[in-house]
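The structure under discussion appears below in the form of structure tokens.
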Amino acid sequence: MTFRDQLITELEQVPDSLVEEILDFCIFLKQRQQVKTEDVKVLKGNSVLISEDEWRGIQETIYLLSIPKMRESIVEGLSTSIHDCSETLEW
């Protein structure tokens, strides 16, 4: 008996109240399988998959840290008490 035959046999025994849920799940699985993903080629070593938002955050951090003295300015700002902060911008 094939898996398809087994599935059909099981479906014939499922109560009507579950048929819609099973159909929804089958459609979900079918759609998930059809989703195309971008090919990723790994030449050597391990890979990490991250969300687009995470990637944009990393790119922004790299950009900010590439600006001379920006790292020091950020660290200084983070360590400054809120009471010592200026209410107006100097730039």
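Using this note's numbering, the letters of the sequence shown map in sequence onto residues 9 to 99. The beta carbon of each residue, even a glycine, is placed where N, CA and C say it ideally should be.
{"Item": "Using DSSP with H/G/I as helix, E/B as strand and the rest coil, what is isoleucine 75?", "Value": "coil"}
{"Item": "Looking at the unbroken alpha helix (DSSP H) that takes in glutamate 98, where does it start and where does it end?", "Value": "Note, glutamate 98: premise wrong, no alpha helix (DSSP H); not H, not E."}
{"Item": "How big is the Cα-Cα spacing for isoleucine 90 and tryptophan 99?", "Value": "19 Å"}
{"Item": "Less than 6 Å separating the Cβ of aspartate 24 from some heavy atom of the ligand MN?", "Value": "Only the bare structure without any ligand can be found here, which leaves the ligand MN out of the picture."}
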